[in-house]
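Student:
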Amino acid sequence: MAERDSTAVWRWLAGLGMCCCAGAASAAGDSDWSAGVFVGQAVKGNLSDILPRAFTGKLDFQTAYASGVLLRYELAKPGWLSDWSQRHGWPLSSSLEFGALQMSGLTHNTELDLDWRPAITFWQPGRFQIETAWGIGLSHSFGKPWSDYEDPEHPQGYKTLFHMTPELALRNEDLPGWSLGLRLHHRSGIYGTVAPRKVGSNHVGLALMRQF
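So the sequence shown is numbered by the working numbering: it starts at 21 and just counts up by one.
#1: Flag this pair as yes or no: are the beta carbons of ALA84 and ALA62 separated by less than 7 Å?
#2: For the alpha helix (DSSP H) containing ALA74, name the first residue and the last one.
#3: Using 10 angstroms around the beta-carbon of GLY56, count the other beta-carbons present and answer buried if the total reaches 16, otherwise exposed.
#4: Measure how close the beta-carbons of SER114 and PRO138 come, nearest whole angstrom, since I'm counting them as under 8 Å.
#5: Could you please give me the residues that DSSP links to GLY157 through a beta bridge?
#6: Per DSSP, what kind of secondary structure is LEU79 in: helix, strand or coil?
#7: Are the beta-carbon atoms of LEU158 and LEU134 separated by less than 7 Å?
#8: If HIS223 sits next to ALA86, beta carbons under 8 Å apart, how far is it from one beta carbon to the other, in whole angstroms?
#9: Tell me, to the nearest whole angstrom, how far the beta carbon of SER54 is from that of PHE232; I am working on the premise that it is less than 8 Å.
#10: Would you call the CB atoms of LEU112 and ILE150 closer than 7 Å?
#11: Find out if the Cβ-Cβ distance for the pair GLY197, ARG147 is shorter than 7 Å.
#12: Please work out which residues of its chain come closer than 6 Å, Cβ to Cβ, to MET123, disregarding the five sequence neighbours upstream and downstream, and give them in chain order.
#13: Do VAL59 and LEU226 come within 7 Å of each other at the CB atom, strictly closer than that value?
Here it is, written out as structure tokens:
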């Protein structure tokens, strides 16, 4: 019964995401809303090890995958922050982002994420803009069978974990409203704060977004 309920919830969320993406495809420009998709593959190792390994090309990919939809709302900036951005030429923004992901491979659970996502455009070569962002929030995983990849000794515990999504995103003036980001999807117990240190997972993937 729980598995059927999880499947129904996921199908509803996927349908909502498809509607959002369809709306995004019809209009782009100055908007507070964005929708998109994320696709990633799990990598083995601690968070502190993954970034150095990424630069050397030695990531240990696992047969576990994450895919789903994202919905983002950009928050209003206070006046002093807008003035600072204009003065230094580094556009700053912050947003709330909701994600609904389905795991496959070694994992079979559904995941809901909610993050606060500050971002800064730190380089604008030619018609391109390069943005770095760092989403911080909570992630709740549900559905059966539970992910034994994340925590084999506690198959029903620690479903709500800390969530973090460092990302490097690329935009192009010729494609207004679109962005493509290289993202790390990280779930953990914050080094034992809300769950044992071994609980958690990391997925490296791409996030394609568009304003609507």
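All C-beta atoms in this analysis are idealised placements derived from N, C-alpha and C, irrespective of residue type, glycine included.
Tutor: With the given structure in hand:
#1: yes
#2: 67 to 76
#3: buried
#4: 5 Å
#5: ASP135 and HIS183
#6: coil
#7: yes
#8: 5 Å
#9: 7 Å
#10: no
#11: no
#12: ALA86 and ASN129
#13: yes
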